[in-house]
Amino acid sequence: MTTTLSNTRRYATLRAEPLTRHIGAEISGIDITQPLDAAQVRDLQQALADHQVIFFRDQPFELDAQKAFGRHFGPLHIHPGAPSPEGHPEILRIHADANSKYIAGENWHSDVSCDAEPPLGSILHLHTVPPQGGDTLFASMYAAYDALSDRLQQYLDGLTATHDGDHVYRGRFKNYGAADTGKVYPRSSHPVVRTHPVTGRKALFVNPGFTTHIDGIPPKESAALLAFLYEHSTQPEFVVRFRWKAHSVAFWDNRCTQHLAVWDYRPAVRSGYRVTIQGDTPR
Numbered sequence: 035m036t037t038t039l040s041n042t043r044r045y046a047t048l049r050a051e052p053l054t055r056h057i058g059a060e061i062s063g064i065d066i067t068q069p070l071d072a073a074q075v076r077d078l079q080q081a082l083a084d085h086q087v088i089f090f091r092d093q094p095f096e097l098d099a100q101k102a103f104g105r106h107f108g109p110l111h112i113h114p115g116a117p118s119p120e121g122h123p124e125i126l127r128i129h130a131d132a133n134s135k136y137i138a139g140e141n142w143h144s145d146v147s148c149d150a151e152p153p154l155g156s157i158l159h160l161h162t163v164p165p166q167g168g169d170t171l172f173a174s175m176y177a178a179y180d181a182l183s184d185r186l187q188q189y190l191d192g193l194t195a196t197h198d199g200d201h202v203y204r205g206r207f208k209n210y211g212a213a214d215t216g217k218v219y220p221r222s223s224h225p226v227v228r229t230h231p232v233t234g235r236k237a238l239f240v241n242p243g244f245t246t247h248i249d250g251i252p253p254k255e256s257a258a259l260l261a262f263l264y265e266h267s268t269q270p271e272f273v274v275r276f277r278w279k280a281h282s283v284a285f286w287d288n289r290c291t292q293h294l295a296v297w298d299y300r301p302a303v304r305s306g307y308r309v310t311i312q313g314d315t316p317r
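All residue numbers for the sequence shown refer to my numbering, where the first residue is 35 and numbers rise by one.
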């Protein structure tokens, strides 16, 4: 059965305002830059499970506070290639300006899905935003799966796909002093449809950023099927678009969403930091 945001629960320690029928809510009534109690953490966990991506305004994180917030939800992930601010290996800098040749996340993807245990989720804080543009789009992979025909769902449920980090990361960070000659990036095979370990709902788990092919079927069939799934998964009715303001925060569940950062603000600056939470093996 398809679940929509109209029947989600109330929360004791915060307020959640759903943004679309399928995905996204803006959270208020809580200061996530300060230490949280157990009830607040439970409500945030439930809000993430209900809405897949949750947004916060006016949360001026310091790096240590951002890491402390992330650790409420699990151990923090270390990125396989990107350099980190000194003393903060768990932090990924997100920055673009007039000199940028590319930006992080400009294609649809789920973060580091090439890992054997892809991340549970990611928490991005932007301290500097362009005057216009720089939005992030998030798509619900629950909604995308639910909208498929029963026959296609049954076919996909038995398939796996390969996710490879090499074509994404090779040479990408050399401008930041991170040489990767001889480095081996993660490469993993995951179910095309995964079952979320918290909600029990099924979600598509292929993305154009990392997925190279569906295992065990002819290459042309794989390419055609993936092309269909990519287009299907990012239809407007499955997507929420978040407009950033300075010191906004987005916390998304990588197990059931994809996202894309819109690069429409050059030469303006868009800058902040991300922490990512370790996940588990997709089932």
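Idealized CB from N, CA, C, for every residue including glycine.
Counting along the chain, the unbroken beta strand (DSSP E) around V227 starts and ends at V227 to T229. V296 sits close to T170, with the two beta carbons spaced by under 9 Å.
Residue nearest to F90 within the set A177, K101, S282 and D298 is S282 (criterion: CA-CA distance). Around the Cβ of R105, a 10 Å sphere holds fewer than 16 other Cβ atoms; the residue is exposed.
Taken atom to atom, the span from the alpha-carbon of T291 to that of L193 is near 19 Å. G104 sits in a helix when the DSSP states are folded into three classes.
Shown here for R235: same chain residues with a beta carbon closer than 6 Å to its own, the five before and five after excluded, namely Y176 in chain order. Boundaries of the alpha helix (DSSP H) around H201: D200 to Y203.
For E140, there is no enclosing beta strand (DSSP E), since its DSSP letter is neither H nor E. Looking at the backbone, the Cα of T67 and that of T196 are separated by about 37 Å. Bounds of any alpha helix (DSSP H) do not take in F244, whose DSSP letter is neither H nor E. Note on D249: under 16 other CB atoms within 10 angstroms of its CB, so exposed under the neighbour-count rule.
Excluding residues up to 5 positions away in sequence, A173, M175, A178, L238 and Q292 lie with their Cβ nearer than 7 Å to the Cβ of S267 in the same chain. Given a length threshold of 4 residues, each whole run of the alpha helix (DSSP H) inside the region 142-206 is given here in chain order: 175-180, 184-190 and 200-203.
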